[in-house]
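Just so you know, we're using the working numbering here: the sequence shown kicks off at 22 and counts up by one.
Every residue gets a Cβ at the ideal spot worked out from N, C-alpha and C, and that includes glycine.
For clarity, every value in this text was computed on a predicted model and none was experimentally measured.
Scroll down for the structure; my scribbles are underneath it.
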Amino acid sequence: MEEAAIVQRHPLERGRNLYALVSPGHHHHHVICRQCGRIERLPGCDSSRIEAAARQRGFSDLTHIMEVYGTCPTCLKKSHV
22 MEEAAIVQRH PLERGRNLYA LVSPGHHHHH VICRQCGRIE RLPGCDSSRI
72 EAAARQRGFS DLTHIMEVYG TCPTCLKKSH V
């Protein structure tokens, strides 16, 4: 399904992968809680500055992978109890 562009693979920490349905023209990333594993989709992607810097260095056919990790509000509350 990944090769057919039906799903997009998002590599995660510890060798796991998240697969999300592909929406044409829509690229997104996720925020993932390191404590409980909660995953939320982040709106859009603003990689234009990074890709422009790569193009200035002569790179082409660019793509990127980025996921954000942290502690969700629920886990943060539990750790302060």
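Contacting residues, own chain, Cβ-Cβ under 7 Å from residue 66 (five flanking each side not counted): 48, 49 and 50
Are there three or more Cβ pairs, one per stretch, closer than 8 Å when the segment 69-77 is compared with the segment 27-38? Because the criterion of three Cβ pairs below 8 Å is not met, the segment 69-77 and the segment 27-38 do not touch.
Bridge partners of residue 41, per DSSP? 29
If you run the structure through DSSP and keep just helix, strand and coil, what is residue 91? strand
Helix, strand or coil: which one does DSSP assign to residue 35? helix
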